[in-house]
Each structure stands twice: as C-alpha cells, then as structure tokens.
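If you use numbering that gives the first Met the number 0, the sequence shown corresponds to residues 0 to 163, in order.
C-beta atoms are modelled at their ideal positions from N, C-alpha and C, and glycine is treated no differently.
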Amino acid sequence: MLRLAVLSSILFLSTAVQAVTPNAQVRSVPPSGVVQSSKYRSEEVAFTNSAAHVTLAGTLTIPLGPGPFPAVVLLSDMGAQDRDGTARSYRPLLMLADYLSQQGIAVLRFDDRGVGKSEGDNAATTTAERVKDAQAAVAFLRARPDMVPTRIGLIGHGEGGNVA
C-alpha cells in the first residue's frame, strides 16, 4: 500500500511539473539526498521559534545570481518528518526545493521539532505550535537581505497545508 501511495505521489509530482513547464524534467534524487545544481547553492541554516524556545535546523536553497529572491517555506506532513519529507527513498520536499530553486525561487525546508538537528519534542507538538514554527521560518527569511520580504510564501504537504 505504501509503495502505491509513493508511486502515485511521484507520478502526480512529475505530471504537475510537466503541466506547469512542459520542457521541465524531474530529476531523481541520489541516495545521499544531496542534489548538486549549477543554478542554485545550498546553505545549512538554523532559526529560533522564540515563543517556544526551540531552534529549528534546515536547508536553504538560493538561486545563483543577483538577488533578492522570492522565497517559500516548505511545511511537512504530520508526524516526525525530516527536512526532505523522507519516506523510504522518496524525498518529495527535496525534489520540490530542487525544482523551485532552479526556477529562481529560494526555498527553506526544515526538520520538524525533535528530528534531525532541530530541538524539541515532536510527539508533544500541536498544530498551533507548528504554525508558530512556520511563522519563525518566514521571519527568518524576511530578515535576510537576499530575500524579497513581501514575496515569501508557504507550501504545505498534508498537515503542512493546514499549517500554511
């Protein structure tokens, strides 16, 4: 059942990308989870949700060239998710970040509380607290001179859609 859901998600993402840009290609992600591109650079970042006193760690992909850039924050589904939304060998948030950054959009994706390099207790985190984490991510991007503060959005998967 999981394999069918993952396959459906891959086909949906591929179809969606082709519908938006017919000549675009969805690249496969190497097992390391690191995608190299000549169109953007990646930074390991951390930001703080001061209301909850937790530091969240993530990856920010920034297009090459003169900024500032529009940006999005990717928000994961329910449960303990890493910044890539990893489900077995499938990393949908990494794939989406790769695609968007190649199109000139900076992307911030981060580990949920208590996952990877992020602090906190994921099991005790409510949806309202996840909203505060998303707000902290947006504030982090707005404070950066290489981002357009009025052109920052949220993209959520599953519960991340409710948070957005």
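Mapping the DSSP letters down to three states, classify proline 148 as helix, strand or coil.
strand
Could you name the residues of the same chain whose beta carbon sits closer than 8 Å to that of proline 29, not counting the 5 residues immediately before and after it, in chain order?
Any reading at proline 29 must be qualified, since the residue scores a pLDDT of 49, below 50, and its modelled position is unreliable; the value itself is stated next. Excluding sequence neighbours, proline 29 sits near nothing in its chain.
May I ask which residues mark the beginning and end of the beta strand (DSSP E) holding leucine 55?
53 to 62
Alpha carbon to alpha carbon, what distance is there between aspartate 111 and threonine 85?
Their backbone Cα atoms lie some 12 Å apart in a straight line.
Kindly identify the DSSP beta-bridge partner or partners of arginine 40.
Ile61
Alanine 45 and threonine 58 - do their beta-carbons sit closer together than 8 Å?
no
Could you name the residues of the same chain whose beta carbon sits closer than 8 Å to that of serine 100, not counting the 5 residues immediately before and after it, in chain order?
Ser36, Lys38, Tyr39, Thr60, Ile61, Pro62, Val106
Could you compute how far the alpha carbon of asparagine 48 sits from the alpha carbon of valine 147?
21 Å
Looking at the strands, I want to know which residues DSSP matches up with glycine 155.
Leu74
Give every residue of the same chain whose Cβ lies closer than 6 Å to the Cβ of glycine 66, excluding the five residues on either side of it in the sequence, and list them in chain order.
Asp145
Inter-residue Cα distance where the pair is lysine 116 and serine 75:
Distance between the alpha carbons of lysine 116 and serine 75: 15 Å.
Under the three-state reduction of DSSP, which class applies to threonine 125: helix, strand or coil?
coil
Alpha helix (DSSP H) containing alanine 96: first to last residue?
91 to 101
Let me check one thing: in DSSP terms, what residues is threonine 47 bridge-paired to?
Thr54
Reference histidine 52, options Tyr98, Ile104, Asp120, Phe109, closest by Cα:
Histidine 52 has its Cα closest to that of Asp120, out of Tyr98, Ile104, Asp120, Phe109.
Return yes when the Cβ of alanine 163 is within less than 8 Å of the Cβ of alanine 133, no when it is not.
In contact: alanine 133 and alanine 163 (Cβ atoms closer than 8 Å).
Distance between glycine 64 and arginine 129 (C-alpha atoms, nearest Å)
32 Å
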